[in-house]
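Novice: Per the UniProt record's numbering, the sequence shown starts with residue 313, numbered consecutively. Glycine residues also receive a C-beta, built at the ideal position from the N, C-alpha and C atoms.
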Amino acid sequence: EDIAEGLENAPAALVGLFSGRNVGKQVPEGSNAVLLKNLYLSCDPYMRPRMAKSDSSYASSFVPGSPITGNGVAKVVDSGHPKFKKGDFVWGMTGWEEYTLVKTPESLFKIEHTDVPLSYYTGILGMPGMTAYAGFFDICSPKKGEYVYISAASGAVGQLVGQFAKLLGCYVVGSAGSKEKVELLKSKFEFDEAFNYKDEQDLVGALKRYFPNGIDIYFENVGGRMLDAVLLNMREHGRIAVCGMISQYNLDRPEGVYNLSFLITKRIRMEGFLVFEHYHNYPKFLDFILPHIREGKVVYVEDVADGLENAPAALVGLFSGSNVGKQLVVVAKE
Ligand code: NDP
């Protein structure tokens with residue numbers, strides 16, 4: 313072992329790993345830590361509530377002065393944990409920095425399948441993929457032939473929900489915030505219909521146009537006035553999976569939703585969910601999704617920012633819709 317003395321010498325010891333100054337291991341056997349070289353970082357909407365001091369967010373607030381934490385794909389460069397060895401690829405919670413020392417690596421997922429792009433583990437094969445899978449199949453209880461509506465439909469989660477619904481034989485309509493995204497929904501992801509919600513003054517009327525007989529399943533990504541308009545257009549015994557409400561994350565006071573009484577009169581089931589409570593199904597999800605990717609039956613669009621210095625702008629862009637598909641950041645090549 314190469315032991316540096318005192319916390320004040322820790323940064324130099326860590327940096328020394330990359331100039332080869334250390335002799336032996338810097339993550340001692342038994343410490344359980346792993347040292348990661350970050351390759352891809354994921355930009356996710358839930359990171360916005362983490363910028364506030366609040367108990368309401370399901371993830372802890374960022375700590376001023378410390379690197380932002382978030383999901384990413386990384387290579388193990390040193391390990392004191394029996395489950396991981398040098399050279400392994402992993403995805404899970406890491407830092408917005410070049411190298412991260414993870415002291416409790418139990419929550420990291422070891423990447424076993426590398427015949428697909430590694431960046432996919434920030435999206436289709438990672439947290440957003442699991443979100444689409446659990447949210448659609450477990451929360452929505454979908455059936456063939458049902459009418460499905462998805463908001464923020466071209467994003468990391470939405471593009472997958474739509475494709476899963478099509479695989480099942482549902483009728484699928486998505487909304488997004490630009491002409492380019494609407495085109496993508498129809499031509500690339502093969503939704504039955506798509507529209508730009510920013511072009512619609514009357515959202516209730518727009519939904520009536522696309523769903524003359526009503527909506528069976530709404531996959532909720534945006535909240536606010538979109539949810540209000542959807543409630544008026546739901547069918548009896550419809551289901552709403554509340555995945556997220558991105559339109560509300562930048563507001564000091566959330567917008568009012570006025571049509572909730574339709575939950576009663578139409579006997580609609582509306583259920584929120586958190587993806588990390590579904591991670592036990594990750595192996596089952598991989599069995600489902602990997603063959604679909606390899607056979608080209610499910611496709612995935614990524615929006616790749618280059619370099620850590622461009623990560624903040626990429627994250628902020630999620631809230632103006634500048635991302636087309638899953639937003640991620642390349643930090644280093646493998
Ligand atoms: P996306 O890739 O869809 O990116 C966010 C998109 O939201 C933007 O591109 C933009 O698309 C849209 N948007 C931004 N601001 C607004 C607004 N004010 N009104 C309407 N739309 C807006 O993100 P994800 O797929 O990663 O996430 C989608 C949702 O899922 C989010 O609400 C997120 O919080 C939630 N989520 C929840 C999880 C859970 O465990 N419950 C896990 C993961 C995600 P456009 O141009 O179309 O407007």
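(1) For the ligand NDP, is there a heavy atom less than 7 Å away from the beta-carbon of residue 453?
(2) Quick test of your reading: residue 404 and residue 421, contact by CB under 8 Å. State the CB separation rounded to the nearest angstrom.
(3) Strictly by DSSP, which residues pair up with residue 508?
(4) Is it a yes or a no for the segment 619 to 633 touching the segment 590 to 606, going by three-plus beta-carbon pairs under 8 Å?
(5) Between residue 508 and residue 527, which are expected to be in contact by the criterion C-beta below 8 Å, what is the C-beta distance as a whole number of angstroms?
(6) Using a 10 Å radius around the Cβ and a threshold of 16 neighbouring Cβ atoms, would you call residue 393 buried or exposed?
(7) With DSSP run on the structure shown, which of helix, strand or coil describes residue 353?
(8) Straight-line CA distance for residue 562 to residue 596?
(9) Does residue 570 pass the burial test, meaning 16 or more other C-beta atoms within 10 Å, or should it be called exposed?
(10) Taking 8 Å as the cut-off, decide whether the C-beta atoms of residue 612 and residue 462 are in contact.
(11) Mind checking whether the beta-carbon of residue 559 lies closer than 7 Å to any heavy atom of the ligand NDP?
(12) For residue 284, count the other beta carbons within 10 Å of its own beta carbon; 16 or more makes it buried, fewer makes it exposed. Which is it?
(13) Can you tell me whether residue 585 sits near the ligand NDP, meaning its C-beta is under 7 Å from at least one heavy atom of the ligand?
(14) Taking 6 Å as the limit between beta carbons, can you name the residues of its chain near residue 459, skipping five residues before and five after?
Specialist: According to the data block:
(1) Here the distance from the Cβ of residue 453 to the nearest heavy atom of the ligand NDP is not below 7 Å.
(2) For a cut-off of 8 Å, the C-beta gap from residue 404 to residue 421 is around 5 Å, short enough to register as a contact.
(3) DSSP, once it has assigned bridges, lists 488 as partnering residue 508.
(4) By the C-beta criterion, the segment 619 to 633 is judged not to be in contact with the segment 590 to 606, since fewer than 3 inter-stretch pairs fall below 8 Å.
(5) With a Cβ gap of about 18 Å, residue 508 and residue 527 do not count as contacting.
(6) By the neighbour-count rule (16 or more Cβ atoms within 10 Å), residue 393 is buried.
(7) Residue 353 carries a strand assignment under DSSP once its states are collapsed to helix, strand and coil.
(8) Using only the alpha carbons, I get a separation of about 35 Å.
(9) Its Cβ having fewer than 16 others within 10 Å, residue 570 is exposed.
(10) With respect to residue 462, residue 612 sits apart: the two C-beta atoms are not nearer than 8 Å.
(11) Yes, Cβ of residue 559 sits closer than 7 Å to a heavy atom of the ligand NDP.
(12) Residue 284 is absent from the model: the chain starts at 313 and stops at 646.
(13) Correct: residue 585 has its Cβ closer than 7 Å to the ligand NDP.
(14) Answer for residue 459: 483, 523, 527 and 528, listed in chain order.
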